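K.L.:
There are 4 protein chains.
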Amino acid sequence: MFVKTHTTEIRVRYEETDRMGVSYYGNYFTWFEVARTDYFRGKGISYRRLEEEEGIGLMVVSASCRYIRPSTYDDVLTVESRISEIKNTSLVFAYNIRRGTDLVASGETSHVFTDRSRKPCKIPAGIKKALSVST
Amino acid sequence: MFVKTHTTEIRVRYEETDRMGVSYYGNYFTWFEVARTDYFRGKGISYRRLEEEEGIGLMVVSASCRYIRPSTYDDVLTVESRISEIKNTSLVFAYNIRRGTDLVASGETSHVFTDRSRKPCKIPAGIKKALSVST
Amino acid sequence: MFVKTHTTEIRVRYEETDRMGVSYYGNYFTWFEVARTDYFRGKGISYRRLEEEEGIGLMVVSASCRYIRPSTYDDVLTVESRISEIKNTSLVFAYNIRRGTDLVASGETSHVFTDRSRKPCKIPAGIKKALSVST
Amino acid sequence: MFVKTHTTEIRVRYEETDRMGVSYYGNYFTWFEVARTDYFRGKGISYRRLEEEEGIGLMVVSASCRYIRPSTYDDVLTVESRISEIKNTSLVFAYNIRRGTDLVASGETSHVFTDRSRKPCKIPAGIKKALSVST
Chain A
44 MFVKTHTTEI RVRYEETDRM GVSYYGNYFT WFEVARTDYF RGKGISYRRL
94 EEEEGIGLMV VSASCRYIRP STYDDVLTVE SRISEIKNTS LVFAYNIRRG
144 TDLVASGETS HVFTDRSRKP CKIPAGIKKA LSVST
Chain B
44 MFVKTHTTEI RVRYEETDRM GVSYYGNYFT WFEVARTDYF RGKGISYRRL
94 EEEEGIGLMV VSASCRYIRP STYDDVLTVE SRISEIKNTS LVFAYNIRRG
144 TDLVASGETS HVFTDRSRKP CKIPAGIKKA LSVST
Chain C
44 MFVKTHTTEI RVRYEETDRM GVSYYGNYFT WFEVARTDYF RGKGISYRRL
94 EEEEGIGLMV VSASCRYIRP STYDDVLTVE SRISEIKNTS LVFAYNIRRG
144 TDLVASGETS HVFTDRSRKP CKIPAGIKKA LSVST
Chain D
44 MFVKTHTTEI RVRYEETDRM GVSYYGNYFT WFEVARTDYF RGKGISYRRL
94 EEEEGIGLMV VSASCRYIRP STYDDVLTVE SRISEIKNTS LVFAYNIRRG
144 TDLVASGETS HVFTDRSRKP CKIPAGIKKA LSVST
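If you're matching them up, the sequences are chains A, B, C and D in order. Add 43 to the 1-based position in the first sequence for our numbering, that's all there is to it. Add 43 to the 1-based position in the second sequence for our numbering, that's all there is to it. Add 43 to the 1-based position in the third sequence for our numbering, that's all there is to it. Add 43 to the 1-based position in the fourth sequence for our numbering, that's all there is to it.
Okay, structure coming up:
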């Protein structure tokens, strides 16, 4: 399986900086989330519709980030996202955040699909297929 | 009706500052919210239980804040909250945020009570009574 | 003086919702901020550069928002911003947030320009002129 | 070296929940930060003073969290923090977040001490000593 990386652009908000003058470390996880939504959209999937119409959730099991260079207000960052692992009920997203060609941060989030009762469930076949297509 | 002011203590988080070195202006509205929850608790009401068990919501209709002095990381702030107006379906909270005796900010939030279908509804009699008691 | 409204697009993030299922009320003030930065950029002014190179700040004096319709995750919102008042040291921004043609919220923020010592100062002539041009 | 765990109490804010009804995953990193500040205070160190008076920073190099049970609005959580590793210029904090005896999440953050020029520097001797005392 060859999966192309999806890219999402973010502009750092004033609110996202802290008094050290740089982006607060917790906000990188919000940017990962924005990239995930956008990744799904790039595959023709509305995560919102999945949630609202099918009761599917994408629960976070673990998350990590390495901070390589600081970013700050008004920086335009590119979040590269790709699915690095996909199983029956779970998947892993990997991210690189860049400013131009500079690597600012990299991270991972692991997720389990859940049904209406918030129990882990199989990734719906249509979703799995859409996510596995290398476009 | 004489309503005593309720006080809630907040310690400013690093996350809540911005690169100007002070608390970001939007966070004051979060502190107002923390004070509201605490105000209800002070009246023997769990806003969480209201929401979970009775489907009651406290929708925000408007909010405002005047910023008088900056606050920053690790400041211990006192949020004074009181209900300045209460009607059949709505109420208004007024707040003062102080650091020691210095007034840091003051604000207001207006709310409408809503039922399970998210429609405006009468404030439940028991709640209205509890909120009106001057203790 | 005729000032055209500037528009900025926002897509609501999952992080910005709360357990009522809608956008948390404090986040509207972050969106106002994003719109302000974008407004300045539309006038050829980098607020970041103003701050970093000239030590100019745009301190918030007051802020308010009226919430008319809820918004939620993945909604694409348009923030219309304009300067409704400009004086020697201060200005007022007015905002409308729309989803399509529906008005979701409207608000205002008042600001004072400050110099390196964080004292109120005159709006630099070049900035005032740029902001006053009706393009 | 035996280092006792420090505990800090957090009450989940409405703002910190998302439309899944639970605490948004990025907020756990804010709670880790609140616990760090509190950990330092427990050792007689004001991180704020360190920063303001000595220009010392505690830059985040990496952060991770495992989410074991969801938490939600108004939950009272206990953040246990301890230093799991301390070297010449860096240290690692480990955290467990509990609700009562239930483990909600666990995580780690790695930090490098920086000086006024934002370059990595040795942990000041007094700080290192204070952090190493097992009280």
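All C-beta atoms in this analysis are idealised placements derived from N, C-alpha and C, irrespective of residue type, glycine included. All of these numbers come straight from a predicted model, not from anything done at the bench.
Which first and last residues belong to the alpha helix (DSSP H) in which B/T157 is found?
P.N.:
Counting along the chain, B/T157 falls outside any alpha helix (DSSP H), though it belongs to the beta strand (DSSP E) covering 145 to 157.
K.L.:
Taking the alpha carbon of C/T50 as the point to measure from, which residue in C/R159, C/K86, C/G64, C/C164 has its own alpha carbon closest?
P.N.:
It is C/K86.
K.L.:
Going by CA-CA distance only, name the one from D/A78, D/I126, D/D117, D/G64 that's closest to B/E58.
P.N.:
Comparing Cα positions, the closest option is D/A78.
K.L.:
Which term fits A/E76, buried or exposed, when burial requires 16 or more other beta carbons within 10 angstroms of its beta carbon?
P.N.:
A/E76 is buried by the Cβ-count criterion.
K.L.:
If you draw a straight line from the alpha carbon of D/E133 to that of D/W74, how long is it in whole angstroms?
P.N.:
Correcting the residue type first, residue 133 of chain D is Ser in the shown sequence and not Glu. If I take the Cα positions, the gap works out to 21 angstroms.
K.L.:
Tell me the rounded alpha-carbon separation between B/R109 and B/A148.
P.N.:
Approximately 6 angstroms between the Cα atoms of the pair.
K.L.:
Let me check understanding here. Comparing Cα to Cα, which of C/T152, C/A173, C/R161, C/D117 lies closest to C/I53?
P.N.:
Nearest C-alpha to C/I53: C/D117.
K.L.:
With a floor of 3 residues, list each beta strand (DSSP E) that falls wholly inside the region 55 to 129 of chain B, ordered by position along the chain.
P.N.:
Complete beta strand (DSSP E) runs here, min 3: 100 to 110, 119 to 129.
K.L.:
Kindly give me the distance between the Cβ atoms of D/R142 and D/S114, rounded to whole angstroms, as I take these residues to be in contact under 8 angstroms.
P.N.:
Contact holds; Cβ gap of about 6 angstroms.
K.L.:
Any idea if A/D145 is buried or exposed, counting beta-carbon neighbours within 10 angstroms, 16 or more meaning buried?
P.N.:
Its Cβ having fewer than 16 others within 10 Å, A/D145 is exposed.
K.L.:
Between the alpha carbons of C/E94 and C/I88, how many angstroms are there, rounded?
P.N.:
Taking the straight line joining both Cα atoms gives about 11 angstroms.
K.L.:
Given this structure, state the Cα-to-Cα distance separating C/F136 from A/V119, to the nearest angstrom.
P.N.:
Computed Cα separation, rounded: 24 angstroms.
K.L.:
Is A/S133 helix, strand or coil when you go by DSSP?
P.N.:
Looking at A/S133 - three-state DSSP - the assignment turns out to be strand.
K.L.:
Taking C/Y71 as the reference, give the member of C/I140, C/R159, C/L174, C/A168 with the closest Cα.
P.N.:
Nearest option by C-alpha distance: C/I140.
K.L.:
May I ask which residues mark the beginning and end of the alpha helix (DSSP H) holding A/I170?
P.N.:
Looking at the DSSP string, the run of the alpha helix (DSSP H) that includes A/I170 is 168 to 175.
K.L.:
Mind checking the region 55 to 76 of chain D against chain C and listing, in chain order, the residues whose C-beta falls within less than 7 angstroms of any C-beta there?
P.N.:
Listed in sequence order: Y57, E58, T60, D61, R62, G64, Y67, G69.
K.L.:
How big is the Cα-Cα spacing for B/C164 and B/V155?
P.N.:
So the two alpha carbons sit approximately 8 angstroms from each other.
K.L.:
Who are the near neighbours of D/N185 in its chain, counting only those whose CB is closer than 6 angstroms to its CB and skipping five residues on each side?
P.N.:
Residue 185 of chain D lies beyond the stretch modelled for chain D, which goes from 44 to 178, so this question has no answer here.
K.L.:
Residues of the region 103 to 115 of chain D with a CB closer than 7 angstroms to any CB of chain A: list them in chain order, please.
P.N.:
Answer in chain order: V103, V104, S105, A106, S107, C108, R109, Y110.
K.L.:
Give me the Cα-Cα distance between B/V122 and A/K172, rounded to the nearest whole angstrom.
P.N.:
Between B/V122 and A/K172, the C-alpha separation is close to 52 angstroms.
K.L.:
What does the alpha-carbon distance come out to for the pair A/V176 and A/R92?
P.N.:
A/V176 and A/R92: Cα-Cα distance of roughly 20 angstroms.
K.L.:
Please classify C/R159 as buried or exposed, where buried requires at least 16 neighbouring CB atoms within 10 angstroms.
P.N.:
C/R159 should be labelled exposed.
K.L.:
Excluding five sequence neighbours on each side, which residues of the same chain lie with their C-beta closer than 6 angstroms to the C-beta of A/Y82?
P.N.:
Contacts found: H49, S124.
K.L.:
In angstroms with no decimal places, state the Cα-to-Cα distance between D/D61 and C/R62.
P.N.:
Cα to Cα, D/D61 sits roughly 5 angstroms from C/R62.
K.L.:
By how many angstroms is the C-alpha of B/T80 removed from the C-alpha of C/Y68?
P.N.:
Cα to Cα, the separation comes out at about 15 angstroms.
K.L.:
In three-state DSSP terms, what is D/R161?
P.N.:
If DSSP states are grouped into helix, strand and coil, D/R161 belongs with coil.
K.L.:
Skipping 5 residues on each side, what residues in its chain have a beta carbon closer than 7 angstroms to that of A/S107?
P.N.:
Cβ within range, chain order: G150, E151.
K.L.:
Count the other CB atoms, across all protein chains shown, that sit within 10 Å of the CB of B/G169; report buried if there are 16 or more and exposed otherwise.
P.N.:
Per the 10 Å Cβ criterion, exposed.
K.L.:
To which residues does DSSP link D/T51 through a beta bridge?
P.N.:
DSSP lists D/V122 as partners of D/T51.
K.L.:
So, for C/E128: in the same chain, excluding its five sequence neighbours on each side, which residues have a beta-carbon less than 7 angstroms away from its beta-carbon?
P.N.:
So the qualifying residues of the chain are L134, V135.
K.L.:
Looking at chain B, which residues of the region 77 to 104 of chain C have a Cβ within less than 7 angstroms of any of its Cβ atoms?
P.N.:
Within the region 77 to 104 of chain C, the qualifying residues are G100, V103, V104.
K.L.:
Residues of chain A with a CB under 7 angstroms from the CB of C/D145: which are they?
P.N.:
Chain A residues near C/D145: none, gap ~18 angstroms exceeds 7 angstroms.
K.L.:
So, at 8 angstroms on beta carbons, what are the nonlocal neighbours of D/R56 in its own chain, with the 5 sequence-adjacent residues on each side left out?
P.N.:
Around D/R56: Y116.
K.L.:
Count the other C-beta atoms from every protein chain shown that fall within 10 angstroms of the C-beta of B/G100, then say buried if there are 16 or more, exposed otherwise.
P.N.:
B/G100 should be labelled buried.
K.L.:
Excluding sequence positions up to five away, which residues of its chain have a Cβ less than 8 angstroms from the Cβ of D/E97?
P.N.:
Cβ neighbours of D/E97 beyond the five flanking positions: P167.
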